[in-house]
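Data first, discussion second: the structure below is written as structure tokens.
In this note's numbering, the protein residues as written are 1 to 105.
Here it is as structure tokens:
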């Protein structure tokens, strides 16, 4: 639960930053939806190379959507839990760019 709590705090902070036009201190660039999506995509691509059997595409889409949505989701676990229950086989269900899930079968 400590990991989930840390993720919740980080998610809320990033969501607030992009909602209130905050810029990062290191490069003074604003935290925008596009920047968040790009950074998440870069991380997902790297993780897919390192650990090809993971559910990185699904996780990336869920995180990207939660960080850029207009309405803040109450809990990330509520958003993620249905996918833990429904994605029975690694890589058999994949999200498209819109976050909709499709079977590769």
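Each residue gets a CB set at the ideal place from its N, CA and C atoms; glycine is no exception.
| query | result |
| --- | --- |
| So residue 40 and residue 64 are in contact, right, with Cβ under 8 Å, and what is the actual spacing, rounded? | 4 Å |
| Closer than 8 Å by C-beta to residue 72: which residues in its own chain qualify, once you throw out the five before and the five after it? Chain order, please. | 12, 15 |
| Would the beta-carbon of residue 58 fall within 9 Å of that of residue 83? | yes |
| Can you round the beta-carbon distance between residue 31 and residue 18 to whole angstroms, since I take them to be within the 8 Å contact cut? | 5 Å |
| Please state the DSSP three-state secondary structure of residue 52. | coil |
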